[in-house]
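Inspection log for the structure reproduced underneath, given as structure tokens.
Protein chains: 2
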Amino acid sequence: MFQIDNMSHIPVYEQLVGQVEMYVLKGILNPGDRLPSVRSLAGSLAVNPNTIQKAMAELDRKGIICSVPGKGCFISDRAGEILKEEHRGELKEFKEQLRRFRMAGIGRDEIENCVDEVYSEGKK
Amino acid sequence: MFQIDNMSHIPVYEQLVGQVEMYVLKGILNPGDRLPSVRSLAGSLAVNPNTIQKAMAELDRKGIICSVPGKGCFISDRAGEILKEEHRGELKEFKEQLRRFRMAGIGRDEIENCVDEVYSEGKK
DNA sequence: TAACTGTACTACCCGTCATAGTACAGTTAT
DNA sequence: ATAACTGTACTATGACGGGTAGTACAGTTA
Chain A
857 MFQIDNMSHI
867 PVYEQLVGQV
877 EMYVLKGILN
887 PGDRLPSVRS
897 LAGSLAVNPN
907 TIQKAMAELD
917 RKGIICSVPG
927 KGCFISDRAG
937 EILKEEHRGE
947 LKEFKEQLRR
957 FRMAGIGRDE
967 IENCVDEVYS
977 EGKK
Chain B
857 MFQIDNMSHI
867 PVYEQLVGQV
877 EMYVLKGILN
887 PGDRLPSVRS
897 LAGSLAVNPN
907 TIQKAMAELD
917 RKGIICSVPG
927 KGCFISDRAG
937 EILKEEHRGE
947 LKEFKEQLRR
957 FRMAGIGRDE
967 IENCVDEVYS
977 EGKK
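As given, the protein sequences belong to chains A and B, one line each in that order.
Just add 856 to the spot in the first sequence (first one is 1) and you have the working numbering.
Just add 856 to the spot in the second sequence (first one is 1) and you have the working numbering.
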């Protein structure tokens, strides 16, 4: 379910956070679902338990999961809601990227093509 | 002309690289233009000369500027061309971002609004 | 000659990422 | 109750990158 890219410049714990969030957005992980334990994840991913715990702590801090000592880590009820709100906030940064594209001479039609392509994926 | 945000998590030398590239794309810096010297920039920006030099080395490596010992650093003839090509390569990453937005429930209309807004800025 | 230019090099500080090992408290099944 | 799990906390260590500090060298220009 999870996989780590050791060659990536992105920290391992951030990769984990990102993958959990992605699975939540995709509906693969749903509220109440239990994540693998810190130690089992550390074993299967060949990563130090502390690194896994760091990812769990971050997810718990954001409200994506709910860590319960002795029981495990569970997807929070508001996980999807929180993530969607977070992405909405990234729209500002998105505009900055668009402005850079425009200055780089990338035409509006090229952008429109990308949007059309992505938002047509998986449609009937 | 240049300014550094010490509170940013982005390395100073990367901020400098980004600003030079931005000015090139905006047409404020043009081929042949001479950048302030390493030491004067270090002084005015209150940054170590080594940090400035690191930015210059990176810009020289990418072909954006041409460093000439004893004379100075000058905007390369192909600077604009190189930057536009670089941004074109980022279209793939742009699509990934779009997919994340779509999964986060951001509608196509919201994206279209952003595109329209950005590509309408500064138009007659 | 003097004052500039870019460049190279070493040394050091600091923060982050990751590992390693230990320990403690809560939960669950036997 | 015991054993085996669960999350959590803590210290110590090593590696790496960003940044500073200082020095030095070679090319350019007035």
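The beta carbon of each residue, even a glycine, is placed where N, CA and C say it ideally should be.
These figures come from a predicted structure and were not determined experimentally.
Report task. Following the continuous beta strand (DSSP E) through I938 of chain B, name the residue where it begins and the one where it ends. Result -> By one-based count along the second sequence, residue 938 of chain B stands at place 82. Element bounds for I938 of chain B: not the beta strand (DSSP E) but the alpha helix (DSSP H), 935-945.
Query raised in the report: Taking C-beta to C-beta, are R956 of chain A and H943 of chain B nearer than 8 Å?
Result: What you label residue 956 of chain A is simply residue 100 of the first sequence in a count that begins at 1. What you label residue 943 of chain B is simply residue 87 of the second sequence in a count that begins at 1. Yes, the pair counts as a contact, with Cβ atoms nearer than the cut-off.
Report task. Kindly indicate which three-state DSSP category S976 of chain B falls into: helix, strand or coil? Result -> Position 120 of the second sequence, counted from the first residue, corresponds to residue 976 of chain B. Residue state, collapsed to three classes: coil.
**Report entry** Distance, Q875 of chain A Cα to I866 of chain B Cα
**Finding:** The sequence position of residue 866 of chain B within the second sequence is 10, counting from 1. The sequence position of residue 875 of chain A within the first sequence is 19, counting from 1. Taking the straight line from one Cα to the other gives about 24 Å.
Requested in this report: Check each candidate in A:T907, A:A913, A:Q953 and name the one with the smallest Cα separation from C970 of chain B.
Outcome: In the second sequence, residue 970 of chain B corresponds to position 114, counting from 1. When each option's Cα is compared against that of C970 of chain B, the closest is A:Q953.
Query raised in the report: How about I931 of chain B and I938 of chain B: do their beta carbons lie closer than 8 Å?
Result: For the purposes of this step, residue 931 of chain B is identified with residue 75 of the second sequence, where counting begins at 1. For the purposes of this step, residue 938 of chain B is identified with residue 82 of the second sequence, where counting begins at 1. No.
Query raised in the report: For the putative contact between S893 of chain B and G919 of chain B, defined by C-beta atoms under 8 Å, what is the C-beta separation to the nearest angstrom?
Result: For the purposes of this step, residue 893 of chain B is taken as the residue at position 37 of the second sequence. For the purposes of this step, residue 919 of chain B is taken as the residue at position 63 of the second sequence. Actually they are not in contact, since the Cβ atoms of S893 of chain B and G919 of chain B sit about 20 Å apart, beyond 8 Å.
Query raised in the report: Got a sec? Which residues, its chain only, sit under 8 Å from S864 of chain B by beta carbon, not counting five neighbours each side?
Result: The residue you call residue 864 of chain B lines up with position 8 of the second sequence. Closer than 8 Å at Cβ, skipping near neighbours: Q871.
**Report entry** Candidates B:I908, B:R917, B:V974: closest to R934 of chain B by CA position
**Finding:** The count along the second sequence starts at 1 and reaches residue 934 of chain B at position 78. In this structure, B:R917 is the residue among B:I908, B:R917, B:V974 with its C-alpha nearest to the C-alpha of R934 of chain B.
Requested in this report: Might you give, ordered along the chain, the residues of its own chain that have their beta carbon closer than 8 Å to the beta carbon of N904 of chain B, omitting 5 neighbours on each side?
Outcome: Here the question's residue 904 of chain B lines up with position 48 in the second sequence. Taken in chain order, the residues that qualify are A898.
Requested in this report: Taking all protein chains shown into account, decide if I884 of chain B is buried (16 or more other Cβ within 10 angstroms of its Cβ) or exposed.
Outcome: By one-based count along the second sequence, residue 884 of chain B stands at place 28. Flag for I884 of chain B reads exposed.
Query raised in the report: Mind listing which residues of the stretch 916-948 of chain B have their C-beta closer than 7 Å to chain A's C-betas, in chain order?
Result: L939, K940, H943, R944, L947
Report task. Name, in chain order, the residues that DSSP records as bridge partners for I931 of chain A. Result -> Along the first sequence, read from residue 1 onward, the residue named residue 931 of chain A stands at position 75. Paired residues: A:I921.
Query raised in the report: How about V873 of chain B and E914 of chain B: do their beta carbons lie closer than 8 Å?
Result: For this step, residue 873 of chain B is matched to residue 17 along the second sequence. For this step, residue 914 of chain B is matched to residue 58 along the second sequence. A distance below 8 Å separates the beta carbons of V873 of chain B and E914 of chain B.
Query - 8 Å CB neighbourhood of G936 of chain B in its chain, flanking five on each side removed - result: Taking the first residue of the second sequence as 1, we reach residue 936 of chain B at position 80. Taken in chain order, the residues that qualify are V880, L881, P887.
Report task. Tell me, please, whether the CB atom of C910 of chain A is closer than 8 Å to any CB atom in chain B? Result -> Walking along the first sequence from the start, residue 910 of chain A turns up at place 54. Note that residue 910 of chain A is Lys in the sequence shown here, rather than Cys. Not a single C-beta of chain B is nearer than 8 Å to the C-beta of K910 of chain A.
Query raised in the report: For the alpha helix (DSSP H) that contains M878 of chain A, what are its first and last residues?
Result: For the purposes of this step, residue 878 of chain A is taken as residue 22 along the first sequence, with counting starting at 1. 868-882 is the extent of the alpha helix (DSSP H) around M878 of chain A.
Query - L891 of chain B and I860 of chain B closer than 8 Å at C-beta - result: The residue you call residue 891 of chain B lines up with position 35 of the second sequence. The residue you call residue 860 of chain B lines up with position 4 of the second sequence. Cβ atoms of L891 of chain B and I860 of chain B: not closer than 8 Å.
**Report entry** Supposed close pair A960 of chain B, K940 of chain A - CB separation, criterion 8 Å
**Finding:** Indexing the second sequence from 1 puts residue 960 of chain B at position 104. Indexing the first sequence from 1 puts residue 940 of chain A at position 84. Their Cβ separation, rounded to whole angstroms, is 5 Å, which keeps A960 of chain B and K940 of chain A in contact under 8 Å.
Query - Extent of the continuous alpha helix (DSSP H) to which R895 of chain B belongs - result: Your numbering for residue 895 of chain B matches position 39 in the second sequence. Element bounds for R895 of chain B: 894-901.
Query raised in the report: List, in order along the chain, the chain B residues whose C-beta lies closer than 7 Å to that of V974 of chain A?
Result: Within the first sequence, numbered from 1, the residue matching residue 974 of chain A stands at position 118. Neighbours of V974 of chain A on chain B, chain order: K951, L954, R955, R958.
Query raised in the report: In whole angstroms, what is the alpha-carbon distance linking D889 of chain A and F950 of chain A?
Result: As a first step, residue 889 of chain A must be located in the first sequence, where it is residue number 33. As a first step, residue 950 of chain A must be located in the first sequence, where it is residue number 94. So the two alpha carbons sit approximately 31 Å from each other.
Query raised in the report: From F858 of chain A to G945 of chain A, what does the alpha carbon distance come to, in whole angstroms?
Result: Taking the first sequence and counting its residues from 1, the one referred to as residue 858 of chain A is at position 2. Taking the first sequence and counting its residues from 1, the one referred to as residue 945 of chain A is at position 89. Going from the Cα of F858 of chain A to the Cα of G945 of chain A covers about 26 Å.
Requested in this report: Determine which residues of the stretch 883-895 of chain A have a Cβ less than 8 Å from any Cβ of chain B, and write them out in chain order.
Outcome: Per Cβ criterion, the list is empty.
Requested in this report: Please name the residue, chosen from A:V868, A:S923, A:S896, A:M878, that lies closest to T907 of chain A on a Cα-to-Cα basis.
Outcome: To locate residue 907 of chain A, count along the first sequence from 1; it is residue 51. Of the candidates A:V868, A:S923, A:S896, A:M878, the one whose C-alpha sits nearest the C-alpha of T907 of chain A is A:V868.
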